[in-house]
Amino acid sequence: VDPAKGGDFLGTAAWYEREAKGVEFPFPKLFGRLGDEYDKRFGLKDEHLARIAAVNYANAKRNPLAQTRNWYMSEEHARSQDKFNTVIGGRIKVSDCSQVTDGATSLFLASAQYAAGYAKHHGVALASLPRLLGWGHHTASIEFAAKVAQSRDCAYVLPHTRQAIVEAFARAGVADCWGVDAIETHDCFTTSEYMAIDHFGLTKPGQSWRAIEDGVIELGGKLPINPSGGLIGAGHPVGATGARQVLDAFKQVTGQAGDYQVAGAKRVATLNIGGSGTTSVAFVVGA
């Protein structure tokens, strides 16, 4: 499938008739508008988006399953705008985009009773098995403009996303983001990760740039985001992305993440979004 047709197929996850029909690459434009909304409310520098891209590409080099593990992307390249890093839609350039990819993930969910039997059969402690400690799920209007309009008087640009995260933390018995050791978030574009940083609570609303500049989100930072490389670095299998995030959380909390292991990780949060931020699902995985 050529890129334009692929973009049109993906556009059906938005309000196709209003937002995607006849639009070349609708999702870069929609998430470019997310960046524009941040710029309007708080100010946004493209250099911070470039840093997000560079961090995710760097993390992906440690992940043997990442699509971009052998690609080159420096922060300087991510900041540039030339024939190799053209604008796709609005403020979104090639370097700001995730890579549609293929792959497969299987998740096995079991009752406490079955898990106890599994642990006994395999000679491991039940407490050592990873668990979904908490979850949150919220939806909003399908049209991006409607979501933005509804959040005008809110501290957060996508308050329903913030609520999904808060509910996952509450169910997991986690007070805030500092109660987890890493985050796998839905960086379909750099702007969606920028949004996730303050929505997870790493900074006050509109101040995601602080966590970026301070290196908080980097592997080895105070709270690494997307140690796997995320959607930008590892790849975006679209419908399978949420399951992939939970798999990477499983790897982290069981010490099986290899070169991108976060030392001592016991709780990992995930955030998956659908459409132009319409559906938000958050988990906390622990062991």
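Numbered per my numbering, the sequence shown finishes at 481, counting up by one with no gaps. By construction, the Cβ of each residue, glycine as well, lies at the ideal position given by its N, Cα and C atoms. None of these values were measured; they are calculated from a predicted model.
CA-to-CA distance, residue j to residue i, given in whole angstroms
{"i": "Cys291", "j": "Arg235", "result": "23 Å"}
{"i": "Glu211", "j": "Val217", "result": "10 Å"}
{"i": "Ala334", "j": "Gly229", "result": "18 Å"}
{"i": "Gly469", "j": "Glu387", "result": "15 Å"}
{"i": "Val400", "j": "Tyr350", "result": "In the sequence on display, residue 400 carries Gly and not Val. Roughly 8 Å separates the two Cα atoms."}
{"i": "Gly237", "j": "Ser402", "result": "11 Å"}
{"i": "Thr397", "j": "Val374", "result": "15 Å"}
{"i": "Asp202", "j": "Ala208", "result": "10 Å"}
{"i": "Ala428", "j": "Leu224", "result": "22 Å"}
{"i": "Ser268", "j": "Ile426", "result": "13 Å"}
{"i": "Gly200", "j": "Glu337", "result": "20 Å"}
{"i": "Asn466", "j": "Pro222", "result": "17 Å"}
{"i": "Lys277", "j": "His315", "result": "58 Å"}
{"i": "Ser474", "j": "Pro353", "result": "10 Å"}
{"i": "Phe302", "j": "Gln275", "result": "44 Å"}
{"i": "Gly460", "j": "Lys215", "result": "Sequence check: residue 460 is Lys here, not Gly. For Lys460 and Lys215, the distance between alpha carbons rounds to 44 Å."}
{"i": "Leu179", "j": "Gly452", "result": "What is shown of the chain runs 195 to 481, which leaves residue 179 out entirely."}
{"i": "Thr448", "j": "Ile406", "result": "27 Å"}
{"i": "Ala443", "j": "Tyr232", "result": "29 Å"}
{"i": "Ala376", "j": "Ala313", "result": "26 Å"}
{"i": "Gly317", "j": "Ala310", "result": "10 Å"}
{"i": "Asp196", "j": "Gly458", "result": "43 Å"}
{"i": "Cys348", "j": "Ile359", "result": "16 Å"}
Residue i (DSSP reduced to helix, strand or coil)
{"i": "Leu465", "result": "strand"}
{"i": "His380", "result": "coil"}
{"i": "Gly200", "result": "helix"}
{"i": "Lys445", "result": "helix"}
{"i": "Leu326", "result": "strand"}
{"i": "Ile426", "result": "helix"}
{"i": "Thr333", "result": "strand"}
{"i": "Ile391", "result": "helix"}
{"i": "Gly205", "result": "helix"}
{"i": "Ser474", "result": "strand"}
{"i": "Gly283", "result": "strand"}
{"i": "Val175", "result": "Beyond the ends of the chain as shown, which are 195 and 481, falls residue 175; an answer cannot be given."}
{"i": "Val410", "result": "coil"}
{"i": "Val479", "result": "strand"}
{"i": "Val368", "result": "coil"}
{"i": "Val294", "result": "strand"}
Whole-Å CB distance - residue i paired with residue j, under 8 Å assumed
{"i": "Gln446", "j": "Val462", "result": "5 Å"}
{"i": "Leu320", "j": "Gly480", "result": "About 13 Å; that fails the 8 Å criterion."}
{"i": "Arg285", "j": "Glu241", "result": "Their Cβ separation, rounded to whole angstroms, is 12 Å, which puts Arg285 and Glu241 out of contact at 8 Å."}
{"i": "Ser422", "j": "Glu361", "result": "That belief does not hold up - the Cβ atoms of Ser422 and Glu361 are roughly 24 Å apart, past 8 Å."}
{"i": "His271", "j": "Asn279", "result": "6 Å"}
{"i": "Leu204", "j": "Thr385", "result": "Not confirmed; about 16 Å, so no contact."}
{"i": "Val368", "j": "Val478", "result": "6 Å"}
Of the residues the options, the one placed nearest residue i, counting alpha carbons only
{"i": "Thr262", "options": "Glu270, Arg285, Gly284, Ser289", "result": "Ser289"}
{"i": "Arg227", "options": "Gln455, Ala366, Ala340, Leu465", "result": "Ala340"}
{"i": "Thr295", "options": "Gln455, Phe363, Val456, Ala260", "result": "Ala260"}
{"i": "Arg365", "options": "Arg325, Asp381, His393", "result": "Arg325"}
{"i": "Gln357", "options": "Gln344, Ile336, His331", "result": "His331"}
{"i": "Val432", "options": "Leu441, His380, Gly452, Asp453", "result": "His380"}
{"i": "Phe383", "options": "Ala198, Pro197, Lys287, Gly205", "result": "Lys287"}
{"i": "Thr464", "options": "Gln293, Gly283, Gly471, Ala476", "result": "Ala476"}
{"i": "Cys371", "options": "Gly395, Thr355, Trp329", "result": "Gly395"}
{"i": "Gln344", "options": "Thr472, Ala310, Gly311", "result": "Thr472"}
{"i": "Gly283", "options": "Ser300, Ala298, Phe219", "result": "Phe219"}
{"i": "Leu441", "options": "Gly414, Lys239, Gly297, Thr355", "result": "Gly297"}
{"i": "Ile246", "options": "Thr299, Glu412, Ser300", "result": "Glu412"}
{"i": "Arg404", "options": "Thr355, Glu213, Lys239, Thr206", "result": "Lys239"}
{"i": "Gly414", "options": "Val342, His393, Ala198, Gln455", "result": "Gln455"}
{"i": "His430", "options": "His393, Asp408, Thr299", "result": "Thr299"}
{"i": "Gly424", "options": "Val281, Thr206, Gln293", "result": "Gln293"}
beta-carbon residue i near the ligand PLP non-hydrogen atom, thresh 7 Å
{"i": "Val456", "result": "Annotation note on the ligand PLP: not contained in the displayed structure, which lists no ligands."}
- prompt: So does the segment 303-314 actually touch the segment 243-250, counting three or more Cβ pairs closer than 8 Å?
  reply: In short, these stretches do not touch, since the Cβ pair count stays below three.
task: Could you say if the segment 382-398 and the segment 252-267 meet the contact criterion of at least three C-beta pairs nearer than 8 Å?
output: By the Cβ rule, the segment 382-398 does not count as touching the segment 252-267, because fewer than three pairs are nearer than 8 Å.
task: Would you be able to state if there are at least three C-beta pairs under 8 Å between the segment 403-418 and the segment 435-442?
output: Counting Cβ pairs under 8 Å, fewer than three are found: no touch.
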